[in-house]
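> With this note's numbering applied, the sequence shown corresponds to residues 77 to 422, in that order.
All residues carry an ideal CB built from backbone N, CA and C; glycine is no exception.
In this text the structure is predicted, and so the values were computed from the model without any measurement.
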Amino acid sequence: MTDSSVAKQLVDAIIANLPEPAPGLRPVHTIGVGVDGYFIASEVARTFCIAEHFKGRRIRASVRFSNGFGGPQQHDGWSDVRGMATRFHLRDDMQDGPATDLIATTLGEFFARNVEDFFEFTRIARQQPVQKQSPWRKIFDMLQLKAPVRDPYPNETTNTDAGALSYANRYRFAQLAVFQAGVIGAPVSYARATYHAIHTFWVKDPHGVRRPVRFSWQPVAGVCTTDPTAAPVDKYLRQELEDRLRRWPARFMLMMTIGEAGDALDDPTKPWPAKRVRVVMGTLTLTNLAKDQVADGERISFNPWHLVPGIEASEDPILEARREAYEVSRKMRGGCPLHRRQADAA
Ligand code: HEM
Numbered sequence: 077m078t079d080s081s082v083a084k085q086l087v088d089a090i091i092a093n094l095p096e097p098a099p100g101l102r103p104v105h106t107i108g109v110g111v112d113g114y115f116i117a118s119e120v121a122r123t124f125c126i127a128e129h130f131k132g133r134r135i136r137a138s139v140r141f142s143n144g145f146g147g148p149q150q151h152d153g154w155s156d157v158r159g160m161a162t163r164f165h166l167r168d169d170m171q172d173g174p175a176t177d178l179i180a181t182t183l184g185e186f187f188a189r190n191v192e193d194f195f196e197f198t199r200i201a202r203q204q205p206v207q208k209q210s211p212w213r214k215i216f217d218m219l220q221l222k223a224p225v226r227d228p229y230p231n232e233t234t235n236t237d238a239g240a241l242s243y244a245n246r247y248r249f250a251q252l253a254v255f256q257a258g259v260i261g262a263p264v265s266y267a268r269a270t271y272h273a274i275h276t277f278w279v280k281d282p283h284g285v286r287r288p289v290r291f292s293w294q295p296v297a298g299v300c301t302t303d304p305t306a307a308p309v310d311k312y313l314r315q316e317l318e319d320r321l322r323r324w325p326a327r328f329m330l331m332m333t334i335g336e337a338g339d340a341l342d343d344p345t346k347p348w349p350a351k352r353v354r355v356v357m358g359t360l361t362l363t364n365l366a367k368d369q370v371a372d373g374e375r376i377s378f379n380p381w382h383l384v385p386g387i388e389a390s391e392d393p394i395l396e397a398r399r400e401a402y403e404v405s406r407k408m409r410g411g412c413p414l415h416r417r418q419a420d421a422a
C-alpha cells in the first residue's frame, strides 16, 4: 500500500503545479457541481456482479461533475479533462449510510503507470506561458511524428500542454493519454461526454467467478463538444445542466468491459482491444442539481477504494496510490470522512 508520506508528496506535487493555490478546495477538479439522481441495474448486471447496487432495486446516487483543472479559476469552455464522480447510496433510509464510489474522467487511459511516472510528469509538465505555434512548426512536428501544440483558447496565457507533450514524446506509454487530452476540447454539457473509470477492477458473480473489468459511463444524449473556433464561455456547464434537468432527466448507461487473458490489468496507460465484450450494467438517471451544493458536492470526498463486496481493486499502482492521496487531500481541504469499511478491511 502507498504510505501516507508518498500520498502527501503526490498531493504536494499537484499543488506545486497550480497556477493559483486553492486552499480549502480540491487541488484538481476544483470546479464542480453536485447532482442528484438514481441508478437502476440492468437485468444481466446481477449475473456478473453480486455488489448491492447491481441487484436491480433503485439506488439513490450523488454525482459530482467537474473540470479537471486545479485552482479556483473557472474556464468551462477551455479544452480540459472532465470528471464524473458517482456515489451509490446503498441504504435509502440513511443519509450517511453504506455507499460505494465510481470515479471517472473523459480520458480513456492515464498518462502514468505508477507513482514514479506521476512525479516525473509533474516535474516536466509544469505551467508555462503559451504561444500560438506557426502552421510550419505544426507541420514540422507532425512530420517528425510529434503531436503539435494546440492553439491557446482566449485568455489562456499559461498551461501544461508543452510540458505534457515533451513528456509524451519522451515516454511512449504516456502518448495515448496526452494526445487524447490535447484534442479533448470542451463538452457542450456535462451530460454529453463519455467518462471512463480507467483502472481495472475485479467483479465477483453469484458462483464466485471473478472477472477483470473496466467501467465507463455512456451518455444517452450522445457526445458533443463545442466548436473550438467559436469564442468559448467561461461559465456555462452548471447552468446548462440545471436548464437541461428542468426539462428532462439526463441519463448515462454504465458499461462494463470484460478483460481477457493477456489484457493489461495493472497498467492504466494501456487500452484493451476494442472487441472485448461489453455489458450494460444499468442506467443512471440525473434529476436535479443538488440543493445543498456544499454537503452534496463540495464536501463529499470520493475515493476509488470506497468499494463494496463483489467489487475489488486490481493491483494497478496508480489505483493503489489514489487510495491515500485522496484521503490526504480530503483532510487538507476539510472534506467529509468516508465510509470505508470495505477499504479498511482490504
Ligand atoms: C496518481 C494518480 C492520481 C492522483 C495523485 C490523483 C489525485 C487527486 C486528488 C488529490 C484529488 C482531489 C481529491 C479530494 O480532495 O477529494 C483528485 C480528484 C479527482 N481525480 Fe484524481 N488523481 C490521480 C489519478 C486519477 C485518475 C486515474 C482518475 C480517473 C478516473 C482521476 C479522476 C479524478 C476525479 C474525477 C477527481 C474529482 C473527484 C471529485 O469530484 O471529488 N484521478 N485526484
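Assign W381 to buried or exposed, taking buried as 16 or more other Cβ atoms, counted over all protein chains shown, within 10 Å of its Cβ.
Buried.
> Please classify A419: does DSSP put it in a helix, a strand, or coil?
Only weak support is given to the placement of A419: the predicted model assigns it a pLDDT of 41, under 50, and the value that follows is read from those uncertain coordinates. Helix at A419.
> So V109 and F141 are in contact, right, with Cβ under 8 angstroms, and what is the actual spacing, rounded?
5 angstroms
> How big is the Cα-Cα spacing for R320 and V404?
Rounded to the nearest angstrom, the two C-alpha atoms are 35 angstroms apart.
> T236 and L341 - do their beta-carbons sit closer together than 8 angstroms?
no
> Just curious, the alpha helix (DSSP H) that E396 is in, first and last residue?
393 to 409
> At which residues does the alpha helix (DSSP H) containing I258 begin and terminate?
The displayed chain sequence assigns Gly, not Ile, to residue 258. From DSSP, the alpha helix (DSSP H) with G258 extends over 251 to 258.
> Should F186 be counted as a contact of the ligand HEM given a C-beta to heavy atom distance under 7 angstroms?
yes
> Three Cβ pairs or more, each shorter than 8 angstroms: is that satisfied between the segment 193 to 200 and the segment 243 to 253?
With the cut-off at 8 angstroms, the segment 193 to 200 and the segment 243 to 253 touch.
> Have a look at L219 and V82 and give me their C-alpha separation to the nearest angstrom.
40 angstroms
> Just reading off the alpha helix (DSSP H) that K84 is part of, what are its end residues?
80 to 92
> Identify, in the order they occur along the chain, each residue of the same chain with its Cβ nearer than 7 angstroms to the Cβ of L101, setting aside the five sequence neighbours on each side.
Within the same chain, L101 has close Cβ partners P148, R409.
> Please determine whether the Cβ atom of Y229 lies at a distance below 7 angstroms from any heavy atom of the ligand HEM.
no
> Which residues does DSSP pair with G358 in a beta bridge?
A117, L330
> Which residue comes first and which comes last in the beta strand (DSSP E) that contains Y288?
In the sequence on display, residue 288 carries Pro and not Tyr. Note, P288: beta strand (DSSP E), 286 to 295.
> Within its chain, find whatever has a CB closer than 8 angstroms to the CB of Q256; leave out the 5 residues flanking it on each side and keep chain order.
Within the same chain, Q256 has close Cβ partners L183, G184, E185.
> Which runs of the alpha helix (DSSP H) at least 4 residues long sit entirely within the segment 98 to 147? Give them in chain order.
DSSP runs (the alpha helix (DSSP H)) wholly in the segment 98 to 147: 121 to 124.
> Which class does D217 belong to by DSSP, given the choice of helix, strand or coil?
Three-state result, D217: helix.
> If we ignore side chains and look at the alpha-carbon of each, how far apart do H151 and G386 end up?
Cα-Cα distance, rounded: 39 angstroms.
> Quick check on the burial criterion: 16 or more other C-beta atoms within 10 angstroms. Buried or exposed for D420?
Unreliable positioning characterises D420 in this predicted model, as indicated by a pLDDT of 42, which lies under 50. The coordinate reading is nonetheless provided below. The residue is exposed, with fewer than 16 neighbouring Cβ atoms inside 10 Å.
> Assign Q149 to one of three DSSP states: helix, strand, or coil.
coil
> Under the assumption that W293 contacts M160 (Cβ atoms under 8 angstroms), give the Cβ distance between them as a whole number of angstroms.
6 angstroms
> From G284 to Q203, what does the alpha carbon distance come to, in whole angstroms?
When rounded, the distance between both Cα atoms is 48 angstroms.
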